[in-house]
Amino acid sequence: MFSLRLITTASPWLILACLATGALYAWLLYSKKAPWPKPINYALATLRFVVVSILCFLLMGPLIRYVANTTVAPTIVFAVDNSQSVELFSDSAQLRAVQQGLQQVRERLEEQGYQTAVQTLNPEQAAPRLNDITYRAETTNLSQLLQQVQERHAEQNMAGVVLLSDGIANQGTSPTYANYSYTLYPVAVGDTVPKQDVLVASLRYNKVNYSGNRFPIEVELQHQGFGGRRATVILQENGKTIASRNVLFDDKKPIQQVPFQVLASGLGKRHYVVQVQPVAGEFTTLNNTKHAYIDVVKGKIKVLIAAAAPHPDIKAIRTAIESNENYETTLFIPGLNELKQQEYDVAVMHQLPGRVTGGEVATNLVRQKNLPALYILGPQSDMPNFNRLNAGVNVITTGQTDEVTAVANSNFSTFQLPENATERLPEYPPARVPFGEVRVAPNTEVILYQQVGRVRTNKPLLAVQTSGDKRNAVLLASGTWQWRLQEAANNQQPQVYNQLITNLVQLLSAPRNKKRLNVYPVQTEYTSSDEIRFNAEAYNEALEPIYGQNINLKVAGEGGEARTFTFANGENQSGVNIGTLPGGRYTYTASASINGSQQQDKGEFVVEELQLEALNAVADHNLLFQLASNTGSRLYFPQQLQQLEQDILQADYKPVIYSQEELSDVVDLKWLFFLLLGLICAEWFVRKYNGSY
584 MFSLRLITTA SPWLILACLA TGALYAWLLY SKKAPWPKPI NYALATLRFV VVSILCFLLM
644 GPLIRYVANT TVAPTIVFAV DNSQSVELFS DSAQLRAVQQ GLQQVRERLE EQGYQTAVQT
704 LNPEQAAPRL NDITYRAETT NLSQLLQQVQ ERHAEQNMAG VVLLSDGIAN QGTSPTYANY
764 SYTLYPVAVG DTVPKQDVLV ASLRYNKVNY SGNRFPIEVE LQHQGFGGRR ATVILQENGK
824 TIASRNVLFD DKKPIQQVPF QVLASGLGKR HYVVQVQPVA GEFTTLNNTK HAYIDVVKGK
884 IKVLIAAAAP HPDIKAIRTA IESNENYETT LFIPGLNELK QQEYDVAVMH QLPGRVTGGE
944 VATNLVRQKN LPALYILGPQ SDMPNFNRLN AGVNVITTGQ TDEVTAVANS NFSTFQLPEN
1004 ATERLPEYPP ARVPFGEVRV APNTEVILYQ QVGRVRTNKP LLAVQTSGDK RNAVLLASGT
1064 WQWRLQEAAN NQQPQVYNQL ITNLVQLLSA PRNKKRLNVY PVQTEYTSSD EIRFNAEAYN
1124 EALEPIYGQN INLKVAGEGG EARTFTFANG ENQSGVNIGT LPGGRYTYTA SASINGSQQQ
1184 DKGEFVVEEL QLEALNAVAD HNLLFQLASN TGSRLYFPQQ LQQLEQDILQ ADYKPVIYSQ
1244 EELSDVVDLK WLFFLLLGLI CAEWFVRKYN GSY
């Protein structure tokens, strides 16, 4: 339904002046004797009158007002909690009858002029009929479901939502805390009577553990109705039982803890299964098993701190490094202790190579083992020997020193500088650095620059080699222990100093990646409901990224079953989506031919089996009742669907009329332009044809 109205910005009385102008123009032009018959003369005068009158009218700036009215019928959305718990713990025949009954209610509402829609926990799942819905969702987020209904139908005449659910929500916030702009009509399914059951409620463990250490796995058991009876809890790895515990259930303790101590052997992802052996009389055994996925890594990173002589810097740096529990330090000072012969991952060389003897043993160890090192320069440093190390910075000095403060390099991105570093670094006390020429190698990036007074120089204060075969860092200042004390005094904790040192050690100790093919999952851990995506990077001989390489990916589970995928890497990292996988530990192997050379990469990831829907067999009808009360409705049960339909119809939801108004200039109408052009051309043609003078 629509309407048109012509309006002007000037007085409507001026239309008479427009008509008078057209009439006068036509009379002056065609009142004289013409060589054509009078009927033609009258027709030509009429054409001229119409054209001139319309042109004069257009000078008034007329507008056309267009109003369109749209009637939108009230909408009833059928929101279905299609989680596994609904099907697991509801009577199957009753559930099918409820679905069929709700479909009939939907059809009758449509006959009464209502619009209807169906939505499930998966908004992308198409369900044209309520009978066709399957209960496969592994989690229940009722708050998100109701919010999505509100957002998806925001522009419609939302009247109410019929929610079919058992009230069990195991994800998101409670839906009772939200405000809804529609009326909720909950239909309750499931059983509220507690079942006789034993279940593994949760597992507590550290996801990352060091190889060779023992770590705890704590099992939380729940039971209902098994007081005085025993059960066996077993811990398995690769199908083999590695530990077991007997548990005596107590009615006074429905929740009991069962601890296991496990030896972390090998490296990589480890898959453990905790299972309660079925007890006679259990309602279900679906919740008797849980899985744990442990990442076993190499032991703590060992850092050698070697110094030419005792110095306060050593204590500050050592404390900063050990603030990260993944690092352990070993101290060596010539004349005070012996250098322990063990495997080190990174070294901190304080004023080594030095001018005094005794430190050569540490310098030789770094050279022989090709250890990445942080070199700290000072008065006892032997500059010629240091320059021969090719650590990324070359210093030419006469022995004089200069006092400088630290300024962060805003362009450094190899690792993220600590938060507030830009503000705190200039507050550090001045440090003494060698005065002279400092040259930075092409494979070296500057982390901190030197600032003399208020003048920022391009000389490095802290730099790190980030490419090539070596990875070293150079700090051109000793006495930085004052930095740590100053920051602790001003900010209670020396967070910037500690994190700067630990980030630097982490960068130095990280293994150098020289692979030309790098294929990896976007995440290292997924759930069985997540879609798994892989990205890929390919490099040429110069380690420059290249694209469009055909990559073969093979993914294998613990049982040996394998799936193969083929895709090409793109500049936008589109990768490949391999879909969902059941729970377990998976390994993958990727291969590609890059410029005629066969390259390979491999790795592993885990998929955690979600069992949230099997944990709670008792429906929560109180939650559904509260939802109904909050929106001025009531709770319905499967046998009350007819009452549900009557209540919706008696609510007498009204259609909503939406009006849309548009204003447009008459002069912009194309058809009017062609009409005037046609009238003018017709007049010209008739005059010429009949002998215009």
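Residue numbers (the numbering used here): 584 to 1276. Think of the CB as a built atom: it goes at the ideal place given N, C-alpha and C, for glycine as much as any other residue. All values reported here derive from a predicted model rather than from experimental measurement.
Pull up the distance between the alpha-carbon of D1248 and that of E1266, whole angstroms please. About 27 Å.
Per-residue DSSP class, three states only, for A1093: Shown here, A1093 sits in coil according to DSSP, grouped into three states, outside any helix or strand.
Leaving aside the five residues before and after L919 along the sequence, list all residues of the same chain whose C-beta is less than 6 Å from its C-beta, in chain order. Correct list: empty, nothing qualifies.
Leaving aside the five residues before and after R648 along the sequence, list all residues of the same chain whose C-beta is less than 8 Å from its C-beta, in chain order. Annotation for R648: L587, R588, L589, I590, E1244, E1245 and L1246 place their beta carbon closer than 8 Å to its own, counting only its chain and skipping 5 residues before and after.
Boundaries (first-last residue) of the beta strand (DSSP E) holding Q1182: Taken as a continuous stretch (DSSP letters only), the beta strand (DSSP E) holding Q1182 covers S1180 to E1191.
Just mark P1277 as buried or exposed, buried being the case when its beta carbon has 16 or more other beta carbons within 10 Å. The chain is shown from 584 up to 1276; residue 1277 falls before or after that span and cannot be answered.
Would DSSP call N973 helix, strand or coil? Here N973 sits in coil by DSSP.
DSSP state of Q807 mapped onto helix, strand, coil: Under the three-state reduction of DSSP, Q807 is assigned to strand.
Quick check on the burial criterion: 16 or more other C-beta atoms within 10 angstroms. Buried or exposed for Y1130? Exposed, because fewer than 16 other Cβ atoms sit within 10 Å of the Cβ of Y1130.
State whether the segment 1252 to 1271 contacts the segment 720 to 729, with contact taken as three or more CB pairs (one from each stretch) at a distance under 8 Å. Because the criterion of three Cβ pairs below 8 Å is not met, the segment 1252 to 1271 and the segment 720 to 729 do not touch.
What would DSSP say about F632, mapped onto helix, strand or coil? Here F632 sits in helix by DSSP.
Member of Q951, L960 and E921 whose CA lies at the smallest distance from the CA of V931: The shortest Cα separation from V931 among Q951, L960 and E921 belongs to L960.
Please state if the CB of L713 and the CB of Q686 are separated by a distance shorter than 7 Å. Q686 is a Cβ neighbour of L713, given a cutoff of 7 Å.
When you compare only the Cα positions, how much space is there between E1120 and L846? Computed Cα separation, rounded: 36 Å.
Which of the three DSSP states, helix, strand or coil, is assigned to E1244? The answer is strand: DSSP assigns E1244 an E or B state.
Beta carbon of L692 nearer than 7 Å to that of I716: It is not a contact, given that the beta carbons lie outside the stated cut-off.
If you scan the segment 890 to 941 from start to end, which runs of the alpha helix (DSSP H) of 4 or more residues do you find wholly inside it? Fully enclosed alpha helix (DSSP H) runs of 4 or longer: 895 to 905.
Using only the alpha-carbon positions, how far apart do L1100 and L1136 sit? Distance between the alpha carbons of L1100 and L1136 is about 12 Å.
Can you look up E943 in the DSSP assignment and give me helix, strand or coil? For E943, the three-state secondary structure derived from DSSP is helix.
With a Cβ-Cβ cutoff of 7 Å, do R1039 and V990 count as a contact? Cβ distance < 7 Å, so R1039 and V990 count as in contact.
Specify, as a first and last residue, the run of the alpha helix (DSSP H) that Q999 falls within. Element bounds for Q999: n/a, residue is neither H nor E.
Could you give the DSSP three-state label for T1149: helix, strand or coil? T1149: strand per DSSP, three-state reduction.
C-alpha gap between P861 and D1113, whole angstroms: Between P861 and D1113, the C-alpha separation is close to 30 Å.
Sorted by chain position, which residues of the same chain lie with C-beta nearer than 8 Å to Y1171's C-beta, five sequence neighbours on each side aside? Its chain contains V1102, P1104, F1117, L1136, K1137, V1138, A1139, K1185, G1186, E1187 and F1188 as the residues whose beta carbon lies nearer than 8 Å to that of Y1171, once the 5 sequence neighbours on both sides are disregarded; these appear in chain order.
Closest to W610 by C-alpha separation, out of T629, V776, W596 and V650, would be which residue? Cα-wise, what sits closest to W610 is T629.
Using the Cα positions of Y1080 and A1071, report the straight-line distance between them to the nearest angstrom. Cα-Cα distance, rounded: 9 Å.
Going residue by residue through the segment 740 to 787, where are the continuous beta strand (DSSP E) segments of at least 3 residues, counting only ones entirely within it? Counting only runs that start and end inside the segment 740 to 787, the beta strand (DSSP E) elements of at least 3 residues fall at 741 to 748 and 766 to 771.
Given a cut-off of 7 Å on the beta-carbon distance, is the pair F1208 and L1193 in contact? Cβ distance not < 7 Å, so F1208 and L1193 don't count as in contact.
Mind reading off the beta-carbon distance from Y718 to V669? Whole number of angstroms is fine, and I expect it under 8 Å. With 8 Å as the limit, Y718 and V669 qualify as a contact, their Cβ atoms being about 5 Å apart.
I'd like the list of long-range same chain contacts for V744, defined as Cβ closer than 6 Å, with 5 residues on each side in sequence excluded. Residues V660, A662, V732, Y765 and L767 of the same chain have their beta carbon placed closer than 6 Å to that of V744, with the five preceding and five following residues left out of the count.
Quick check: Y1011 and W1066, are their CB atoms within less than 7 Å of each other? For Y1011 and W1066, yes; Cβs fall inside 7 Å.
Which residues share a DSSP beta bridge with Q1034? In the DSSP assignment, the residues bridged to Q1034 are T988 and R1039.
Can you tell me which of the three DSSP states F1117 falls into? In the three-state reduction of the DSSP assignment, F1117 falls in the strand class.
Let me confirm a value: K1253 is counted as buried when at least 16 other C-beta atoms fall within 10 Å, else exposed. Which label applies? The residue in question, K1253, is exposed, as its Cβ has fewer than 16 Cβ neighbours within 10 Å.
What would DSSP say about E738, mapped onto helix, strand or coil? Residue state, collapsed to three classes: coil.
Would you give the residue range spanned by the beta strand (DSSP E) that F661 belongs to? Boundaries of the beta strand (DSSP E) around F661: T658 to V663.
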